[in-house]
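What follows is a set of notes on a single structure, which appears directly below.
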Amino acid sequence: MQALHDEGVELIFGYPGGAALHIYDAIFRQDKIDHILVRHEQGATHAADGYSRATGKPGVVLVTSGPGATNAITGIATAFMDSIPMVVISGQVASHLIGTDAFQETDMIGVSRPIVKHSYTVFNAEEIPKIIKEAFYVATSGRPGPVVIDIPKDMTAPDNLFDYSYPEEARIRSYNPPIEPEQNQIDRAVEAILISKKPVIYAGGGAIASNAEKELLELNEIIDAPVTNTLMGLGIYPASHDRFLGMLGMHGTYQANMAMHNADLIIAIGARFDDRITNKPSKFAPNAKVVHLDVDHSSVSKIIEANVAVFGQVKNSLKLIKETLEKKLDSYDPFVLQPWHDQIKEWKSLHGLNYELYKDESDDHPILPQAVVQHVHEITNGEAYVTSDVGQHQMFAAQYYHFDKPRRWINSGGLGTMGFGLPAAMGVKLAFPKDEVVCITGEGSIQMCIQELSTCLQYNLPIKIININNEALGMVKQWQDMNYGGRHSESTYQNSLPDFIKLAESYGHVGIKITKNSDLSESLKKAFAMKDKLVFVDIYVDPSEHVYPMQVANGSLENMWLSKDEQT
Amino acid sequence: MIKRKLILIMENKPGALVRVVGLFHQRGYNIETLHVDSVKDFSTYKDIEKKLETKFEDNQISRLTIETMVSDDLMRQILRQLNKLIDVIAVSNEETTYLKGVLLDENLL
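Protein sequences appear in the order of chains A and B.
In terms of the working numbering, the first sequence has 159 at position 159, counting the first letter as 1, and numbering is strictly consecutive.
In terms of the working numbering, the second sequence has 666 at position 98, counting the first letter as 1, and numbering is strictly consecutive.
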């Protein structure tokens, strides 16, 4: 505990159990670090994850051995896929029992190995300060990620005393993530920018991890290129900016995908050309040169070959590109991009998203899920922290809530973990108690970590839960509609959904049910007006609604479904 | 696909080997041969010691030789993934060496 305090930890999410009891006793006997007792270890990891995404600080989780540790696995995998810094301390059975199938024994290091950046086992109590120092250093530096520390019970026994001192800094000779880019790489990137007539900036989660929003904005004041963000990158470039194209990829906007496909230069910033971005890699952006800025060597040229690779913290790389570009401004005329901007404007007007759906309040049609998100955006002035779960509601939130700031959009992008939204919202609310925190979810996802409503009561966390209820696993159903002849195999619940209003009330919260389009605006306003209450808003939306645009499988980026019967 | 040889040096710590082997398994690459030794003679690693500003000591370092069947592209990706493992100090094929994030056009191992 002393080591965690010395590391600057203020908040731990966890759940006690046999192997962690010595540590929990130490928590009881101190008052510097707050501990949040969740209802399931998965909730602890997602909450720590949400806290980390919103603050940029590492999330800390404490669980016991065996089931405590394995319950944390989904949350660790979620953080790993999205490169979120997290330190997970798991209790372990006493050293002399390891390998004997002791009560609540699991090989946590073995189970978590493929989904952690690194892991440690404590073999001697006096190593604890050094291991904790290293764990935080590894978790937060380079490409961030989760680190597991497995601590056998006897290592934390009160009689196992040692001379404590906390190391000033961690130095690992076999770990040296790149920080400053090399000038010759920067020069090559600048050359490519200077000759481009159709550039696109494609920024992802790595740009947020590197806190590069200012550098990106400043660089693009010179280049004046259109900017698209990945699902993980939303907010790194202001959505209200003229040059913003929206999200790209599988459910990206028409103009973003068209711009990427037709670009002559793609400047990838902390993004990894995931399969949800590229569609079929061999057909991806056929005329584009790729400049790739990343901190991780293994992300570059993994799926799409980069013509120029710039290794380093992308914040520093962007700054250096700007400085180098400024010296060559004589040979750069942003006006040559005008035809490109005109083309993009045309695409936007042709098939851009309709951001004014919420203005239609008639009861001629059921509630549209897209309109729900637009209402929430209106009511919260676009300034809320929005967490989401996984499925159609996630895509609607990503498309229709406009994020002008980074770290406001909190979702499980890589792993796609249903159940992420509510506990993540708890982590965000604990970090920013005065800010509005909204969890946009669906009736499928919310039930995967619904027990955390109890945690929200214990710690008084007035989150707003927007349950976009279509009485089905919407995204699964959409795929079944589009690819499986409409056979809805196991994607509906046949009238077995709980009464979410009573459920919320049974946890001491407020529930509001909305079924009519004309009630939507008023009822949502009422929910958001209850500042000190958790409000569960259960909104029945059109169950037949699909997410569009949607990439046509195995096509290029320009092959999209624009509606149920319209294809590019 | 031809058989290729990789050489790694890494910290001699419990769990380090399984991370290397696991990386192959996870991506579906088969290991044809594997040889591990604790390094006793550091004379060939003077360059690495200098570059990392460190001094290797007895029983601290393991040397792995791995033979595997992969294409050129995969080979590069494997090198980069191995280099990313925290306990791996350097990894090399016949032409190049990754020494903690730095790609060198020579075989240092």
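Each residue gets a CB set at the ideal place from its N, CA and C atoms; glycine is no exception.
These numbers were taken from a predicted model, which means no experiment stands behind them.
By the rule that beta-carbons nearer than 8 Å mark a contact, Glu625/B does not touch chain A. Annotated three-state conformation of His341/A is helix, per DSSP. When the beta-carbon positions are compared, Trp347/A and Tyr254/A come within less than 8 Å of each other. A check of alpha carbon separations from Glu7/A across Glu134/A, Asp25/A, Leu21/A and Ala207/A identifies Glu134/A as the nearest. For Thr228/A, no alpha helix (DSSP H) encloses it; the enclosing beta strand (DSSP E) starts and ends at Val227 to Asn229.
About 14 Å separates the Cβ atoms of Lys319/A and Glu182/A, ruling out a contact at the 8 Å cut-off. Within chain B, the residues whose beta carbon sits less than 8 Å from that of Ile109/A are Gly583, listed in sequence order. With respect to chain B, the C-beta atom of Lys302/A has a partner C-beta closer than 8 Å.
At a C-beta separation below 8 Å, Glu579/B has these neighbours in chain A: Ser174. The Cβ atoms of Ile151/A and Val111/A do not sit closer than 8 Å to each other. Against chain A, a Cβ distance below 9 Å from Gly596/B picks out nothing, because the smallest value is about 13 Å. One thing to note: Met86/A has its Cβ within 8 Å of the Cβ of Ala139/A.
Bridge pairing for Ile570/B: Val638/B [DSSP]. Classified as exposed, Ala529/A has fewer than 16 neighbouring CB atoms from the shown chains inside 10 Å of its CB. From the listed residues His5/A, Ala47/A and Ala256/A, the smallest Cα separation to Cys449/A is found for Ala47/A.
Contacts with chain B at 8 Å (Cβ-Cβ) include Arg113/A. Tyr540/A sits in a strand when the DSSP states are folded into three classes. The beta carbon of Asn661/B is closer than 6 Å to those of Leu574 in its chain, skipping five residues each way along the sequence. Rounded to the nearest angstrom, the gap between the Cα atoms of Glu545/A and Leu368/A is 8 Å. Shown here, Cys456/A sits in a helix according to DSSP, grouped into three states.
Within a 10 Å sphere around the beta-carbon of Ala553/A sit fewer than 16 other beta-carbons, which makes this residue exposed. In chain order, Ile186, Ala189, Val190 and Leu219 place their CB closer than 7 Å to the CB of Ile321/A, counting only its own chain and leaving out the 5 sequence neighbours on each side. Note on Leu430/A: 16 or more other CB atoms within 10 angstroms of its CB, so buried under the neighbour-count rule. Counting every other CB atom within 10 Å of its CB across the protein chains shown gives Lys623/B a total below 16, marking it as exposed. Interface annotation, Leu620/B: in contact with chain A, CB-CB separation under 8 Å.
The beta-carbon of Ser445/A is placed no less than 8 Å from the nearest beta-carbon of chain B.
In this structure, DSSP gives Arg113/A a helical state, which the three-state scheme calls helix.
Look at Asn661/B: its C-beta is not under 8 Å from any C-beta on chain A. Going by C-alpha positions, Gly391/A is about 22 Å away from Glu378/A. When DSSP assignments are scanned along the stretch 108 to 171 of chain A, the uninterrupted stretches of beta strand (DSSP E) that are 3 or more residues long and fall wholly within it turn out to be 118 to 121 and 146 to 152. A direct Cα-to-Cα measurement between Leu647/B and Leu667/B gives close to 10 Å. By the beta-carbon neighbour count (other beta carbons within 10 angstroms, threshold 16), Leu329/A is exposed. At the C-beta level, Phe273/A and Asp294/A stay beyond 8 Å of one another. DSSP, reduced to helix, strand and coil, places Met643/B within a helical segment of the structure shown. Against chain A, a Cβ distance below 7 Å from Arg648/B picks out His297 and Ser298. Linking Asn381/A to Ala192/A through their CA atoms gives a straight-line distance of about 39 Å.
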